[in-house]
Each structure stands twice: as C-alpha cells, then as structure tokens.
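Undergrad: Below is the structure I would like to discuss, written out as structure tokens.
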Amino acid sequence: MAKANSRALALRLLIDCLERGQPLDRLLAGNVALGQLETRDRGFVRQMVATTLRRLGQIDNALGACLDKPLKPRQADLRALLRLGAVQILFMAVPAHAAVSETVALADGKLSPFRGLANAVLRRLEREKERLLADQDAARLNLPSWLWSSWASAYGEAMTRHIMAVQMEDPPLDISVKEDPEAWANRLGATILPGGSLRLTGGSGEISALPGFAEGAWWVQDAAAALPARLLGDLSGQRVFDLCAAPGGKTAQLILAGAVVTALDQDAKRLAVLRENLGRLSLTATVVQADASAWTPVEQADAILLDAPCSATGTLRRHPDIAWLRRPSDIAKIVTLQQKLLVRAAKLLAPGGTLVYAVCSLQPEEGPQLVDSFLAERSDFARKSIQPEELPGLENLITAAGDLQSLPGHLQELGGLDGFYACRLVNQG
C-alpha cells in the first residue's frame, strides 16, 4: 500500500484516539488495515501517530501561530489533518513537499473545502518552523497542566524536565533473557543495563524477527518493569501469586527464579497473550482468569507480586496517548481499586510471607501515599526496606523510605527508564 494510504490510516488513528478517546494500544491491536501494510509503512504509521502524541503540545502551539483564527471544537477531522501534516514537517525526516502535498490530498469529502486552508497553513509552518520551535518550552507544552503540577510538586521542576526529555523520545527496546545475558548482548548488539536487562537502540525492526525470539530465549520487558519481581528474593520452591499478571513478563521472571507460580488476571484477551508468551518461552504456570479483588485460592501464598492497574503515567514514551486521555478525576477511581486489591492481596499472603506492591505510575497517590495509608491501618504488616546491594548500579532508585522509585529521568545517559514504584511488605502475623 502506498504512503498516502499510510497517512490515511494514521489520520484515522489520531481521530479515534484523540477525538473519540480510544486507547492507542487497543486501536493498533489486530488492526487489519495496519497488518496489510508493508513493514516499512507500518513503522511509518506508528511513528506518525506516536510522535504526534508525544509532541502534541508543540504541534498545536505551532499550528495556532499559523492559523488566522482558532479551529472550532467541531472541526475535529480538520484538526487531526493539520496535526498529521505538522508532525511530518516539524519532527520527522519527511521532505516538506511530500508532507504538505500528501497530507492535503487526504482532505476529501467534507474536508474538501479546507484544502486551501490546509495547504496554506502547512506551507507557512514549513517556512517558520525554526523560529516557532526555538520559541517553545517543549517540556511544558507536551504535558497537560495537571500532570506538570503533580510531577513538579512531587519531584521538583528540574526532574520533571528530565522526565519529559525522556518521555518525548522514541523508547528503546529492553528485553529480559532466560540465561547468559552477555552472550545475547553480543549477538543482538545490545547493552547490558544495571539490573541485568538488555537494551537495543537505533531501531530493531520487527521484534519477532530478532535472533532468539522464536526459540523463546528472551521477552520484551522495560528495564524498570523487571525490577519489582526481583525484590521478592529467593523464591526456590515457594508458592507465588502473580496478581494482575498479563502479559506475563513478571510471571516469567518468577518461574525462572524457581517459584511455583499462579498467574491471575481477569482479562481473557490479556491472559491469552500471557499463555502465548509462556508457551514461546517454554515456561509453565497455573493460569487463572479471575478478579484479584475477589479471588479465593485454596491456600495462601508464600509471596505475592501485585502489579496493580494504574494510571501508567510512568510509561508515556511507550504509551503517549495516556497523557491526553487521562483526567485528574481518574486518579481517585484508580486509587480506590488499588486499595481494594492491596487489602485483598494481604489476605492471600501467609504469615511471614512477602508482598511486593508495584505500579508503573508517577502519581504519589498511587504509590507511597497509598502504601503509607495501608500500613497506618495494618499493624500486622511492615515495610521491608530495599538495601543498596539488592540494586547494584541503581542505588539511587531507593527512596528515603526504602521503596523503589524509578523515574524516566534516571539513567538518562543510557536512554532513561519507565517510571515505576514498588514497595516490599512483610506479613508479621
């Protein structure tokens, strides 16, 4: 299919995501039109959409400077069309003439009367892009005000800017290997990060075509996401519950650590992915479809990993739509669910057992504040502080309270990390 069709698909994805509030992952999963494109064109679509979402504030600011009057709220399709053209001109290596002409060509049907406007705005944008970009505060523009205020309050403005410097870039590919990371690093041309994850940069192409994928030697997992499972320590022969387990990266870690794992999730489609991943890796776990907040197993667990559903604000570079689809009111609803899950997980843990609570969120309400509230009501549970020797090379991720908090600004010289919070709790009952 031609690049023009690629742009048409990208336009539809942007409209469905930003104007209709549909998560990008859901739009991409099983997308028939995307699957019919050549590999190169699939990458082009993903790059256009993802870069638009990462740089949306800058794009809208630049377009606003090139429009004689603001677009009306009902002009959603025209807004998406201009954004699509703008991202190619401002942030992608697309020749300006192609970016303008091919984007304007998409203005058919009800957009036909606006071809002249689109052409004029995009050509002006191309002429003035250097000045417009130079005048922008990219970090501030590309983050909604409520998130900026939250992060600046929790981490300071300087760290918030470091976070955004990472969030605005394409993410690297991090993988966890079953064994022999040095050999796989050499074979894949990867860097071994502190913590043991392998990182590939510079574009890896189709993941399934990389050496070792088909034979199940490794799986994709952000370096920060690989840390919480390691906080459970020696799991040899222990009965471990992995709650909210899909898509299974942490489940694989627990199995390889010697645990007897029950992996639980209530989403049937995500559990299918977990089963597929475990099958490819030749790993075995008991897989259960159930709501973790109401599940009643026959026996309690020796250890539990609760990677709770969250706002996922620590993963904006991988899921850039989250910044624009989340609302401040969402956080309170999410926290209520997390509290319910943590209380239930505590009931499922045997006396003397260890529970790790984790979220890929940068919101304090979902992390340290939630744990502190839990501990204030539960004298039978106590925090077990993480020690520096447990995270060699990543000691700066340990908070004053002894928890784990990775920020995208951490390891910035190596490409950054996803934002993750984890706390280790012990049942003293």
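Taking UniProt numbering, the leading residue of the sequence shown gets 1, the next gets one more, and so forth.
Think of the CB as a built atom: it goes at the ideal place given N, C-alpha and C, for glycine as much as any other residue.
No experiment lies behind these values; they were computed from the predicted model shown.
Can you tell me which of Ala259, Gly30, Gln75, Ala308 puts its alpha carbon nearest to the alpha carbon of Arg239?
TA: The candidate whose alpha carbon is nearest that of Arg239 is Ala259.
Undergrad: Roughly how many angstroms separate the alpha carbons of Gly314 and Ala93, rounded to a whole number?
TA: One C-alpha to the other measures close to 28 Å.
Undergrad: Would you list the residues sitting across from Cys423 in a DSSP beta bridge?
TA: Answer by DSSP bridge pairing, in chain order: Tyr357.
Undergrad: Kindly list the residues whose CB is nearer than 6 Å to the CB of Gly353, restricted to its own chain and excluding five residues on each side of it in sequence; keep chain order.
TA: Cβ within range, chain order: Asp302, Ala303, Asn427.
Undergrad: Grouping DSSP H, G and I as helix and E and B as strand, with all else coil, what is Gln238?
TA: Gln238: coil per DSSP, three-state reduction.
Undergrad: Are Leu53 and Pro320 closer than 8 Å when you measure CB to CB?
TA: In this structure, Pro320 lies closer than 8 Å to Leu53 by Cβ.
Undergrad: Does the region 320-332 come into contact with the region 370-379, if we say contact requires no fewer than three beta-carbon pairs (one atom in each stretch) closer than 8 Å?
TA: No, the region 320-332 is not in contact with the region 370-379.
Undergrad: In terms of residues, what are the limits of the beta strand (DSSP E) holding Arg199?
TA: Looking at the DSSP string, the run of the beta strand (DSSP E) that includes Arg199 is 198-200.
Undergrad: Residue ranges of each alpha helix (DSSP H) run of no fewer than 4 residues wholly in the region 227-293, ordered along the chain?
TA: The qualifying runs are 249-256, 268-281.
Undergrad: Closer than 7 Å by C-beta to Asn61: which residues in its own chain qualify, once you throw out the five before and the five after it? Chain order, please.
TA: Same-chain partners within the cutoff: Gln136, Leu141.
Undergrad: Please name the residue or residues paired with Val177 in a DSSP beta bridge.
TA: Val177 pairs with Trp218.
Undergrad: Alpha carbon to alpha carbon, what distance is there between Phe91 and Ala229?
TA: Their Cα atoms are separated by approximately 37 Å.
Undergrad: Alpha carbon to alpha carbon, what distance is there between Thr251 and Pro194?
TA: So the two alpha carbons sit approximately 21 Å from each other.
Undergrad: Assuming Ala263 contacts Ala245 (C-beta within less than 8 Å), just tell me the rounded distance between them.
TA: The pair is a contact, with the Cβ atoms about 4 Å apart (cut-off 8 Å).
Undergrad: If you draw a straight line from the C-alpha of Val166 to the C-alpha of Arg317, how long is it?
TA: Going by the C-alpha atoms only, they are around 7 Å apart.
Undergrad: Do the CB positions of Leu232 and Val359 come within less than 8 Å of each other?
TA: No, they are not a contact pair.
Undergrad: Are any of the Cβ atoms in chain C nearer than 8 Å to that of Leu283?
TA: The structure shown contains no chain C; it is built from a single protein chain.
Undergrad: Tell me, which residues are paired with Ala301 by DSSP?
TA: In the DSSP output, where bridge partners are listed per residue, Ala301 has Leu349.
Undergrad: Buried or exposed for Arg40, going by 16 or more other Cβ atoms inside 10 Å?
TA: So Arg40 counts as exposed.
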